[in-house]
Amino acid sequence: MALEMLAIPCLRDNYAYLLHDPDTGHTACVDVPDVAPIHDALAKAGWHLTDILITHHHDDHIGGVARLREDTGATVWGAQADAHRLPPLDHALKEGDPVRIGSQTGTTIDVPGHTVGHIAFHFPSSRLVFSADSLMALGCGRLFEGSPGQMWDSLCKFMALPGDTLVCSGHDYSKGNAAFAQTVDPENPALAARVAQMEEDRAAGKPMAVASISLEMETNPFLRASKPYLKEAHRQTDASDTAMFAYLRGLKDQF
Ligand code: ZN
Ligand code: FE
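For the record, in the sequence shown the residue sitting at position 132 is 131 according to numbering that gives the first Met the number 0, with numbers rising by one throughout.
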């Protein structure tokens, strides 16, 4: 059976995610911005935490890891490349390494850009990918450590996943991301439809940091950096895809 997924709002605009394998009872938490909301969600669902998956070293993603591990005895998985600046890891992961939650196996994807050691977790049979601050809903993470070329390559890895894969990202930046997307890609009808839908979803209390790969590819301006019409509209006709991505990321940094 597929993994059950719960999105848990934490801190100001972060999301942690619980993943539950109904066959074995194993339960993982992807990133730990804060401990209390995760304990609450576990208690409500009646789940016992067995695994903690870390996407990258920023405090708003690992701040609660040590405490949650102490409370639950969970096994910690994270990037080998960043082991020196992450809480102690039980499993140090490289590109392609398996991540096991009970009977379910995910794959580690290297997605540098926001940080150099950022990884994502893909669970193909559950159609889920956890992208944190690399690919985000209608946006992407700021380039704190990596180059535009690294982030573009990382985004291309997401675009190669099946379109019905749900992208679960690290923050709700939906308002700012929607405003920016509509500024740089104003004629995109799929984007207009998504922004209207987002208003409804926000009012209904749905998690704003989650959307499918295919919807992101139709509406997220950073995933559309290779589109000739978008390059033309910004007078970047001769720009490479990486250069166009860097141009859009630069606009967003100033937005
Ligand atoms: Zn971050
Ligand atoms: Fe973050």
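Heads up, the beta-carbon is just placed ideally off N, CA and C, and yes, glycines get one too. Keep in mind the model is a prediction, meaning the values are calculated, not measured.
Select from LEU247, ALA119, VAL194 the residue whose C-alpha is nearest the C-alpha of SER225. On the sequence shown, residue 225 is found 226 positions in, with the first residue counted as 1. Selected option, being the one with the closest Cα: LEU247.
Indicate the three-state DSSP secondary structure (helix, strand or coil) for HIS83 in the structure shown. Position 84 of the sequence shown, counted from the first residue, corresponds to residue 83. It is helical.
Would you kindly work out how many angstroms separate the C-alpha atoms of CYS28 and PRO36, rounded to a whole number? For the purposes of this step, residue 28 is taken as the residue at position 29 of the sequence shown. For the purposes of this step, residue 36 is taken as the residue at position 37 of the sequence shown. Straight-line spacing of the CA atoms in CYS28 and PRO36 works out to 12 Å.
According to DSSP, is ARG99 helix, strand or coil? Translated into the one-based positions of the sequence shown, residue 99 becomes position 100. Three-state DSSP puts ARG99 in a strand.
Does the beta-carbon distance from LEU190 to THR164 come in below 8 Å? Mapped onto the sequence shown, residue 190 falls at position 191. Mapped onto the sequence shown, residue 164 falls at position 165. Against a cut-off of 8 Å, the Cβ pair of THR164 and LEU190 comes out as no contact.
Just to confirm my understanding: we take VAL194, look at its own chain, exclude 5 residues before and 5 after, and list those with CB closer than 7 Å. What are they? Position 195 of the sequence shown, counted from the first residue, corresponds to residue 194. For VAL194, where only same-chain residues beyond five positions count, the Cβ hits under 7 Å are ALA177, GLN181.
Under the three-state reduction of DSSP, which class applies to HIS60: helix, strand or coil? In the sequence shown, counting from the first residue as 1, residue 60 sits at position 61. Note: HIS60 maps to helix in three-state DSSP.
Can you give me the C-alpha to C-alpha distance between PHE122 and GLY77, rounded to a whole angstrom? Mapped onto the sequence shown, residue 122 falls at position 123. Mapped onto the sequence shown, residue 77 falls at position 78. Those two C-alpha atoms are separated by around 16 Å.
Is there at least one non-hydrogen atom of the ligand FE closer than 7 Å to the beta-carbon of GLY77? As a working mapping, residue 77 is identified with position 78 in the sequence shown. Answer for GLY77: no, Cβ out of range of the ligand FE.
To the nearest angstrom, how far is the alpha carbon of GLN253 from that of HIS38? On the sequence shown, residue 253 is found 254 positions in, with the first residue counted as 1. On the sequence shown, residue 38 is found 39 positions in, with the first residue counted as 1. Distance between the alpha carbons of GLN253 and HIS38: 38 Å.
Could you name the residues, in chain order, whose CB is less than 5 Å away from a heavy atom belonging to the ligand ZN? HIS57, ASP132
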